[in-house]
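There are 2 protein chains.
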Amino acid sequence: MKIVTPTRPRGRPREFDETKALDLAMMVFWRLGYEGASVADLTGAMGITAPSLYAAFGSKEGLYRRVLAHYQAGPGAFTWAALTEEPTARGAIERVLRESARVFTRRKHPHGCMISTAILRCAEAHQPVADLVASLRAGAVELFRERIARGIAAGELPPETDAGAMARFLGAIVQGMSVQAQDGASEAELLGLVEVAMRAWGGGAGRPRAR
Amino acid sequence: MKIVTPTRPRGRPREFDETKALDLAMMVFWRLGYEGASVADLTGAMGITAPSLYAAFGSKEGLYRRVLAHYQAGPGAFTWAALTEEPTARGAIERVLRESARVFTRRKHPHGCMISTAILRCAEAHQPVADLVASLRAGAVELFRERIARGIAAGELPPETDAGAMARFLGAIVQGMSVQAQDGASEAELLGLVEVAMRAWGGGAGRPRAR
DNA sequence: CTATTTTCATAACGGTCACTATTGAAATCG
DNA sequence: CGATTTCAATAGTGACCGTTATGAAAATAG
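Protein chains in written order, with my numbering: chain L, -6 to 204; chain R, -6 to 204.
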């Protein structure tokens, strides 16, 4: 008869919580960007020493990749939720934009989207990281495109709608909102921007109105 | 009787052309961003040594400020030209967007806008530079706003038009196009995006059509 | 207990960062 | 000419970069 205790691993247990450490590292990368965040910044904020960081995450780049996944599952999850939960394509898109305006200006974390602004131009040595982040941006646009294509298939949108162009348009809006949020724009200002953007969707502003 | 020769300065003349040096430095900053461009990268591309760079420009940051002005007077000048030369607000905006699509994908220089993407998040030591670049972004939005307000005053646009929101919308579009261009988007893709964006302007896509 | 394994903290690694002291060459001035 | 001024090249500055060797500390296994 075996006891099913959760079988502690062999050696000395680590003294920090990996999830909390990722949260703290995320804030640093979010605020300073990938290149701007030094390992000293990270270990200082995470409350661990450099060898502990390297034992747990391999390298600064490895930690960053873990943080990106952590971001997508946390503060960045609202996008995927909006696109899958809303019944109509237009409703989904509008919810993404409105929630972006709110999330990008929250005071509990740096303003703007972490993926949009963490690493754009960079030294050649960091190009692989920049490429990864660029692929995440492309993935978001692709998510938009799929949702719009689904809306076209469902008859919500005219069949001649260019889903790719619409998706790239939305990607640009989100990207631009992220930068403006970082530059100090308020939620109200971003919502005004969203209202203009939704006009490109045809029909008036706001949610589809009954008539 | 004085001879009016162009009075060469006293000591040994410098052996490099400052304008050409700024051009070369601009390409490096454009490609690698402010933090990603090292002084070694810059001197290597400019064909001068570090002491020459510091004698002529004071510091890396000083050189960057000169390069930003050089950019605005060169590759970035089309925006100001479009906004002042076009007779209507809508025409001016559409020209800015269409020319952005073309300029951002030129093969003679890195894709995207240099001001949009050179330095967003960064180490705290470089925050003054980031603030400067942010103020340039804000200046572009303000230029948009003024042009739209002028269009409202001229009766081209409905008096209830929110010029600030429209301007922020356009700033976001340009910012987003810049990132997508850097990520590899083609001119045709960006023009498709522009067409969608112009729909937010009311009345179908494209230039105002006679009817 | 001893042996083993893993994490911890200290201290340091070579490399690159932005930047400059020094020196000699190249120009103009008197 | 000699004196002066400015530039350019060499060679380095200290500081910080990401990363790691070392050894003590803390847990399990036998």
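Just so it is clear, CB atoms sit at the ideal spot from N, CA and C, and this is done for glycine as well.
Pop quiz: residue i and residue j are said to be a contact at Cβ under 8 Å. What is the actual Cβ separation, rounded to whole angstroms?
| i | j | result |
| --- | --- | --- |
| L/Q168 | R/Q168 | 6 Å |
| L/I112 | L/G26 | 6 Å |
| L/S171 | L/C106 | 4 Å |
| L/V189 | L/R161 | Contact flag wrong, Cβ pair sits at about 17 Å. |
| R/E182 | R/A116 | Rounded, the Cβ-Cβ distance is 33 Å, inconsistent with contact. |
| R/A82 | R/E149 | 6 Å |
| R/D10 | L/G185 | Incorrect: roughly 47 Å between the Cβ atoms, too far for contact. |
| R/R192 | L/A158 | In fact, because the Cβ distance is near 10 Å, the residues do not count as touching under 8 Å. |
| R/L76 | R/V60 | That belief does not hold up - the Cβ atoms of R/L76 and R/V60 are roughly 23 Å apart, past 8 Å. |
| R/L15 | R/H63 | 5 Å |
| L/A38 | L/L17 | 5 Å |
Which residue wins for smallest C-alpha separation from residue i, given the options the options?
| i | options | result |
| --- | --- | --- |
| L/E87 | L/M20, L/R140 and L/R58 | L/R140 |
| R/A94 | R/I166, R/R192, R/R5 and R/L15 | R/I166 |
| L/L56 | L/P103, L/E8 and L/V122 | L/V122 |
| L/P103 | L/L150, L/W23 and L/R91 | L/W23 |
| L/V80 | L/I145, L/L184, L/P2 and L/E28 | Note on identity: in this sequence residue 80 of chain L is Pro, with Val being the wrong assignment. With distances taken between Cα atoms, L/P80 lies closest to L/I145. |
| R/K53 | R/T36, R/Q65 and R/G40 | R/T36 |
| R/A127 | R/R114, R/F137 and R/R138 | R/R114 |
| R/T110 | R/I41, R/G195 and R/R130 | R/R130 |
| R/V187 | L/G177, L/G164 and L/Q173 | L/G164 |
| R/G70 | R/L136, R/A142 and R/H119 | Inspection of the sequence shows that residue 70 of chain R is occupied by Ala rather than by Gly. Residue R/L136 is the option with its Cα nearest to R/A70. |
| L/A142 | L/Q120, L/A85 and L/L125 | L/A85 |
| R/E8 | R/Q173, R/G67 and R/A49 | R/A49 |
| L/Q120 | R/A30, R/R91 and R/A147 | R/A30 |
| L/I108 | L/F97, L/A118 and L/K101 | L/F97 |
| L/R100 | L/E78, L/A74, L/P68 and L/W73 | L/P68 |
| L/R5 | L/S45, L/A74 and L/G40 | L/S45 |
| L/P151 | L/Q173, L/G195 and L/G177 | L/G195 |
| L/K13 | L/R3, L/G40 and L/P2 | L/G40 |
| R/G132 | R/A43, R/Y47 and R/W73 | R/W73 |
| L/M19 | L/R58, L/R138 and L/A147 | L/R58 |
Query raised in the report: Using a Cβ cut-off of 8 Å, which residues of the region 140 to 169 of chain R contact any Cβ in chain L, in chain order?
Result: D155, G157, A158, M159, R161, F162, G164, A165, I166, V167, Q168 and G169
Query - Residues of the region 5 to 33 of chain L whose Cβ lies closer than 9 Å to any Cβ of chain R, in chain order - result: F22, W23, R24, L25, G26, Y27, E28, G29, A30 and S31
**Report entry** Residues of the region 61 to 80 of chain L with Cβ closer than 7 Å to any Cβ of chain R, in chain order
**Finding:** none
Requested in this report: Note down, one range per segment and in chain order, each beta strand (DSSP E) of at least 3 residues found wholly within the region 65 to 116 of chain R.
Outcome: none
Requested in this report: Starting from the N-terminal side, write out each stretch of the alpha helix (DSSP H) that is 4 residues or longer and does not extend beyond the region 18 to 67 of chain R.
Outcome: 32 to 39, 43 to 50 and 53 to 66
Requested in this report: Residues of the region 104 to 118 of chain L with a CB closer than 7 Å to any CB of chain R: list them in chain order, please.
Outcome: T110, A111, L113, R114, C115 and A116
Query raised in the report: Using Cβ-Cβ distances below 7 Å, what residues of the region 121 to 132 of chain L are close to chain R?
Result: A127, R130 and A131
Report task. Scan the region 179 to 193 of chain R for residues whose Cβ lies nearer than 7 Å to a Cβ of chain L and list them as they occur along the chain. Result -> E182, G185, L186, E188, V189, A190, R192 and A193
Query raised in the report: Hey, which unbroken runs of the alpha helix (DSSP H) at 4 residues or more fall wholly within the region 156 to 194 of chain R?
Result: 156 to 175 and 180 to 192
**Report entry** Interface positions of the region 81 to 105 of chain R facing chain L (Cβ-Cβ less than 9 Å), listed along the chain
**Finding:** P103 and G105
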